[in-house]
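Notes for the one structure printed next.
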Amino acid sequence: MMDLYQIPVREVHGIGPQKAEDLSALGITSAGGLLDYYPFRYEDYRLRDLAAVKDGEKITVQGTLYGEPVLNMYGRTKSRLSCKVVVDRFLISAIWFNRHFLKDKLRPGEEIVLTGKWDARRLQISVSESEFPGRGAGRSGTLQPVYSVGGGITQNWMRKTIAQALTQYGAMVQEILPSELIDKHGLLPRRQAMAVIHQPADLQEGQIARKRMVYEELFFFQLKMQAYRALNRKRADGVAHQVDLPLVRKFVRTLPFRLTDSQLKVLAEILEDLQQPHCMNRLLQGDVGSGKTVVAASALFAAVKAGCQGAFMVPTEILAEQHKRSLEKLFEPWGIQVALLTGSLTDRQRRDVLASLEMGLTDIVIGTHALIQEDVYFRRLGLVVTDEQHRFGVNQRSILRRKGMNPDVLSMTATPIPRTLAITAFGDLDVSTLKELPKGRIPIKTYAVGHSMLERILRFIGKEVQAGRQAYLICPLIEESEKLDVQNAIDLHAQLSHYFPQMRVGLLHGRMAAAEKDEVMQGFGSNQVQVLVSTTVIEVGVDVPNATVMVIYDADRFGLSQLHQLRGRVGRGGHQSYCILIADPKSEVGKERLRAMTETSDGFEIARRDLELRGPGDFFGTKQSGVPEFRVADLAADFETVEEARDDAADLVARQEFWTGSAYAPLRQFLQREGIFSEDRLD
Ligand code: ADP
Ligand code: MG
Numbered sequence: 154m155m156d157l158y159q160i161p162v163r164e165v166h167g168i169g170p171q172k173a174e175d176l177s178a179l180g181i182t183s184a185g186g187l188l189d190y191y192p193f194r195y196e197d198y199r200l201r202d203l204a205a206v207k208d209g210e211k212i213t214v215q216g217t218l219y220g221e222p223v224l225n226m227y228g229r230t231k232s233r234l235s236c237k238v239v240v241d242r243f244l245i246s247a248i249w250f251n252r253h254f255l256k257d258k259l260r261p262g263e264e265i266v267l268t269g270k271w272d273a274r275r276l277q278i279s280v281s282e283s284e285f286p287g288r289g290a291g292r293s294g295t296l297q298p299v300y301s302v303g304g305g306i307t308q309n310w311m312r313k314t315i316a317q318a319l320t321q322y323g324a325m326v327q328e329i330l331p332s333e334l335i336d337k338h339g340l341l342p343r344r345q346a347m348a349v350i351h352q353p354a355d356l357q358e359g360q361i362a363r364k365r366m367v368y369e370e371l372f373f374f375q376l377k378m379q380a381y382r383a384l385n386r387k388r389a390d391g392v393a394h395q396v397d398l399p400l401v402r403k404f405v406r407t408l409p410f411r412l413t414d415s416q417l418k419v420l421a422e423i424l425e426d427l428q429q430p431h432c433m434n435r436l437l438q439g440d441v442g443s444g445k446t447v448v449a450a451s452a453l454f455a456a457v458k459a460g461c462q463g464a465f466m467v468p469t470e471i472l473a474e475q476h477k478r479s480l481e482k483l484f485e486p487w488g489i490q491v492a493l494l495t496g497s498l499t500d501r502q503r504r505d506v507l508a509s510l511e512m513g514l515t516d517i518v519i520g521t522h523a524l525i526q527e528d529v530y531f532r533r534l535g536l537v538v539t540d541e542q543h544r545f546g547v548n549q550r551s552i553l554r555r556k557g558m559n560p561d562v563l564s565m566t567a568t569p570i571p572r573t574l575a576i577t578a579f580g581d582l583d584v585s586t587l588k589e590l591p592k593g594r595i596p597i598k599t600y601a602v603g604h605s606m607l608e609r610i611l612r613f614i615g616k617e618v619q620a621g622r623q624a625y626l627i628c629p630l631i632e633e634s635e636k637l638d639v640q641n642a643i644d645l646h647a648q649l650s651h652y653f654p655q656m657r658v659g660l661l662h663g664r665m666a667a668a669e670k671d672e673v674m675q676g677f678g679s680n681q682v683q684v685l686v687s688t689t690v691i692e693v694g695v696d697v698p699n700a701t702v703m704v705i706y707d708a709d710r711f712g713l714s715q716l717h718q719l720r721g722r723v724g725r726g727g728h729q730s731y732c733i734l735i736a737d738p739k740s741e742v743g744k745e746r747l748r749a750m751t752e753t754s755d756g757f758e759i760a761r762r763d764l765e766l767r768g769p770g771d772f773f774g775t776k777q778s779g780v781p782e783f784r785v786a787d788l789a790a791d792f793e794t795v796e797e798a799r800d801d802a803a804d805l806v807a808r809q810e811f812w813t814g815s816a817y818a819p820l821r822q823f824l825q826r827e828g829i830f831s832e833d834r835l836d
């Protein structure tokens, strides 16, 4: 049988060269592609009984034109055309605005179908579309699909053309899901679903067809991910580290605290992976403050002691400096050399670092993304850790592979990701989760307050500082703006320096030089600076356990996950901490977000609500996040199907039959086409 995706779209009757071009701008080039262009909703043109229609509803009714139409012109183009119509036992008025040319077409006694908004008081319909059933087939009496159209393509043309494609090719649509999955989930066969999704008899039928297509889309996506994961695990092209477990245990015992059960479990999973000959590709998920850094440090320790080098990638220079300091402290007694590679090194410093990396004198290098992209060479790179993985769009594994390196990769993320998104964006990764916070943490108290509380907040900060603690104050802007009436860091810093003469108030923002930033952070880290006024440059990762107050100005301007991250800068030590969100209490903006913040401090719950409020496309704030755009599936609404599809795909690829059985040949061909079996799929 012919493959519908091989049939050029021009073979569909009614599509000429121009339309073919317009379609290709929508990504449609084949007959199969056209059929796969599903509607995103349906317009209801089914005839209604007027007696049951509520005022203001959009309806379609059929009736008989009664009497002559009346036209009023206002100027050259504005007009109002009205005509009486008998619908059942009602005599109603139909009104058309700016459609004066219709006047001559309205013949008394003829049947007409009207779609528009119903005004129950005046017994009047404001017509948006009308047609004459006596003059050829129309859309009345049906649900009509609504497609995403544009360019040279209109809604009507698209409806007609897809209907034509169904007539020509509908019978050739073939099943592509394994029958056991169709049975398991009670899905419509593909051919039937294809016809129904474009032309359902009612909304329920449309839903059933949609469900089938959603499952199919998610299943094929997951099949790719899971097949890739399975193949990667079979490949033996990574580093099988000779991990000295007793030594790692000794290292862990020298840490200033006992690891939580969660940390120990996750570390064991990582160490197990390190010893395997395949490349580790693992995501470490854990809420802010759950202690991901020491887990990463212990893994790096293991890799270095097994004779490799490690790289630690972070999204900001502030974080790079911080990690450098804390790792140096941990590794010093073990003779492990740590270096920093950031954009603000001098040429000379940079050359030195690169040379010592290449010669293998440096064991661990910490830096920003540039770390693995530029002309950086390692003697034996064995483990790459990425902190705040969601901040990195590009997949670093493909970059490393291109450089001929195949290290194990541990990606860490502090933004707890709703399961649905994690499964989708990181479906080809193994996931470890830190489920608990270190013991002894006291829950942060969170308040949402108005600006009238400012004076009290400042007095409160004064008291905390007197007790030896520290405070952050976060502003949305660096400096005053004419457009936005929100707090800025430079002004607030000046005000507070004046208000707290006995304290040192620091200022931190993205436009400062790296050295300046580092000086301020070091000052804050050692409590020489007690109050830090900052923009969101400290949003992720910054760790100063002695800080107990986080004040966020104009909190309604920040996203929910961002607020949670900022709050996570406090509550990291043994002291009661506070998060104070300042926003106009009367403002509706951000109200849901502030409520969520005061109601819960569980990062996963925050993430779930954030997904609900923002939708998946926006969740990571970047299009490159690895969350693909689906045609029918909606990650927020179809979350159950996401999990089903993932489990089904994982089960399937785990079966030997899948890789050899003839029943699965079409699925394997699909994977082949998707390039799963080639090395550089991740590019
Ligand atoms: P995150 O997961 O947000 O990156 P960090 O790794 O920065 O968290 O850890 C947060 C704080 O908790 C740090 O000050 C760290 O030293 C401390 N910490 C980590 N693990 C433990 C533990 N098991 N017990 C006590 N404190 C811990
Ligand atoms: Mg961190």
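Heads up, the sequence shown is in my numbering, so the first residue is 154 and it goes up one at a time. Even for Gly, the Cβ is constructed at its ideal location relative to N, Cα and C.
Residue from Leu637, Leu417, Phe372 whose Cα sits closest to the Cα of Leu805: Along the sequence shown, one-based indexing puts residue 805 at 652. Taking only the C-alpha atoms, the option nearest Leu805 is Phe372.
Distance between beta carbons of Glu369 and Leu330, contact taken as under 8 Å: As a first step, residue 330 must be located in the sequence shown, where it is residue number 177. As a first step, residue 369 must be located in the sequence shown, where it is residue number 216. Their Cβ separation, rounded to whole angstroms, is 6 Å, which keeps Leu330 and Glu369 in contact under 8 Å.
Whole-angstrom C-beta distance between Met565 and Thr539, which should lie under 8 Å: Indexing the sequence shown from 1 puts residue 539 at position 386. Indexing the sequence shown from 1 puts residue 565 at position 412. Confirmed, about 7 Å.
Thr521 - DSSP class collapsed to helix/strand/coil: Here the question's residue 521 lines up with position 368 in the sequence shown. Of the three classes helix, strand and coil, the one that applies to Thr521 here is coil, per DSSP.
Among His522, Pro596, Gln648, the one whose alpha carbon lies nearest that of Leu607: Taking the sequence shown and counting its residues from 1, one reaches residue 607 at position 454. Comparing C-alpha distances from Leu607 to each of His522, Pro596, Gln648 shows the shortest one belongs to Gln648.
Cβ-based burial, Gln655 [other Cβ within 10 Å; buried from 16]: Working through the sequence shown from its first residue, we reach residue 655 at position 502. Flag for Gln655 reads exposed.
Counted within 10 angstroms of its Cβ, other Cβ atoms place Pro193 as buried (16 or more) or exposed: For the purposes of this step, residue 193 is identified with residue 40 of the sequence shown, where counting begins at 1. Note that residue 193 is Phe in the sequence shown here, rather than Pro. By the 10 Å Cβ count, Phe193 comes out exposed.
Nearest residue (CA-CA) to Ser443, options Ser415, Leu376, Gln462, Phe484: Sequence index remark: in the sequence shown, residue 443 carries index 290 (1-based). Ser443 has its Cα closest to that of Ser415, out of Ser415, Leu376, Gln462, Phe484.
Continuous beta strand (DSSP E) assignments of at least 3 residues falling wholly in the stretch 179 to 265: The beta strand (DSSP E) runs lying completely inside the stretch 179 to 265 and spanning 3 residues or more are 194 to 197, 211 to 227, 231 to 240, 243 to 250, given in chain order.
Test item, CB below 6 Å from any non-hydrogen atom of the ligand MG: This selection yields Lys445, Thr446, Asp540, Ala567, Gly694.
Collapsed DSSP secondary structure at Gly439 in the structure displayed: Here residue 439 corresponds to residue number 286 of the sequence shown, with the count starting at 1. Note: Gly439 maps to strand in three-state DSSP.
Leu276 and Ile245 closer than 7 Å at C-beta: Here the question's residue 276 lines up with position 123 in the sequence shown. Here the question's residue 245 lines up with position 92 in the sequence shown. Against a cut-off of 7 Å, the Cβ pair of Ile245 and Leu276 comes out as a contact.
Where Met674 sits in the DSSP three-state scheme: Here the question's residue 674 lines up with position 521 in the sequence shown. The DSSP-derived three-state label of Met674 is helix.
Per DSSP, the bridge partner or partners of Thr566: Counted from its first residue, the sequence shown places residue 566 at position 413. Looking at the DSSP output, Thr566 bridges to Gln438.
Reduced DSSP secondary structure (H/G/I, E/B, other) of Thr268: Within the sequence shown, numbered from 1, the residue matching residue 268 stands at position 115. DSSP places Thr268 in strand when its eight states are reduced to three.
Span separating the alpha-carbon of Arg821 from that of Arg501: Your numbering for residue 821 matches position 668 in the sequence shown. Your numbering for residue 501 matches position 348 in the sequence shown. Answer to the nearest angstrom: the Cα atoms are 52 Å apart.
Spatial neighbours of Arg533 in its chain, beta-carbon cut-off 6 Å, leaving aside the 5 residues before and after: As a working mapping, residue 533 is identified with position 380 in the sequence shown. Excluding residues within five positions, the ones whose Cβ falls inside 6 Å are Cys461, Gln462.
Beta carbon of Met366 nearer than 7 Å to that of Leu157: Numbered from its first residue, the sequence shown carries residue 366 at position 213. Numbered from its first residue, the sequence shown carries residue 157 at position 4. In this structure, Leu157 does not lie closer than 7 Å to Met366 by Cβ.
Three-state secondary structure assigned by DSSP to Pro161: Taking the sequence shown and counting its residues from 1, one reaches residue 161 at position 8. Looking at Pro161 - three-state DSSP - the assignment turns out to be strand.
Beta-bridge partners of Ser283, as assigned by DSSP: The residue you call residue 283 lines up with position 130 of the sequence shown. According to DSSP, which records beta bridges pairwise, Ser283 is partnered with Leu267.
Leu524 beta carbon near the ligand ADP (any heavy atom closer than 6 Å): Reading the sequence shown from its first residue, position 371 is the one you call residue 524. Not under cutoff, so the answer is no.
Val441 CB to nearest heavy atom of the ligand ADP below 6 Å: Counted from its first residue, the sequence shown places residue 441 at position 288. The answer is yes for Val441.
Beta strand (DSSP E) segment containing Asp804, residue limits: Within the sequence shown, numbered from 1, the residue matching residue 804 stands at position 651. Element bounds for Asp804: not the beta strand (DSSP E) but the alpha helix (DSSP H), 792 to 806.
Residue interval of the beta strand (DSSP E) (run including Leu493): Along the sequence shown, read from residue 1 onward, the residue named residue 493 stands at position 340. Where Leu493 is concerned, the enclosing beta strand (DSSP E) stretches over 491 to 494.
Near the ligand ADP: Leu716 beta-carbon under 6 Å from a heavy atom: Here residue 716 refers to the residue found at position 563 when the sequence shown is read from its first residue. Set against 6 Å, the gap from the CB of Leu716 to the closest heavy atom of the ligand ADP is not smaller.
Which of helix, strand or coil DSSP assigns to Asp836: Within the sequence shown, the letter at position 683 stands for residue 836. In this prediction, Asp836 has a pLDDT of 37, which is less than 50 and means its spatial position is unreliable; what the coordinates show is noted afterwards. Here Asp836 sits in coil by DSSP.
Spatial distance of Ala642 from Arg722 (CA atoms): The sequence position of residue 642 within the sequence shown is 489, counting from 1. The sequence position of residue 722 within the sequence shown is 569, counting from 1. Computed Cα separation, rounded: 18 Å.
Contacting residues, own chain, Cβ-Cβ under 6 Å from Asn225 (five flanking each side not counted): As a first step, residue 225 is located in the sequence shown; it is residue number 72 there, counting from the start. Same-chain partners within the cutoff: Arg233.
Within 7 Å, strictly: CB atoms of Asp671 and Glu474: Residue numbering aside, residue 671 sits at position 518 when the sequence shown is read from its first letter. Residue numbering aside, residue 474 sits at position 321 when the sequence shown is read from its first letter. Cβ distance < 7 Å, so Asp671 and Glu474 count as in contact.
Start-end ranges of the alpha helix (DSSP H) lying completely within the stretch 367 to 449, minimum 4 residues: At a cut-off of 4 residues, the continuous stretches assigned as alpha helix (DSSP H) that sit fully inside the stretch 367 to 449 are 398 to 406, 414 to 428.
Arg344: CB within 6 Å of a non-hydrogen atom of the ligand ADP: Taking the sequence shown and counting its residues from 1, one reaches residue 344 at position 191. Using a cutoff of 6 Å, the CB of Arg344 does not count as near the ligand ADP, since none of the ligand's heavy atoms is closer than that.
Beta carbon of Leu536 nearer than 7 Å to that of Asn434: Numbered from its first residue, the sequence shown carries residue 536 at position 383. Numbered from its first residue, the sequence shown carries residue 434 at position 281. Going by C-beta atoms, Leu536 is not nearer than 7 Å to Asn434.
Per DSSP, the bridge partner or partners of Gly142: An answer regarding residue 142 cannot be provided, because it is not within the stretch 154 to 836 covered by the chain.
Opposing strand residues paired with Ile168 [DSSP bridges]: Residue numbering aside, residue 168 sits at position 15 when the sequence shown is read from its first letter. DSSP links Ile168 through a beta bridge to no other residue.
Residue span of the alpha helix (DSSP H) that contains Val349, given as start and end: Working through the sequence shown from its first residue, we reach residue 349 at position 196. 343 to 351 is the extent of the alpha helix (DSSP H) around Val349.
Ala790 versus Asp800, Arg761, Gln809, residue with shortest Cα-Cα distance: The residue given as residue 790 occupies position 637 in the sequence shown. Closest by alpha carbon: Arg761.
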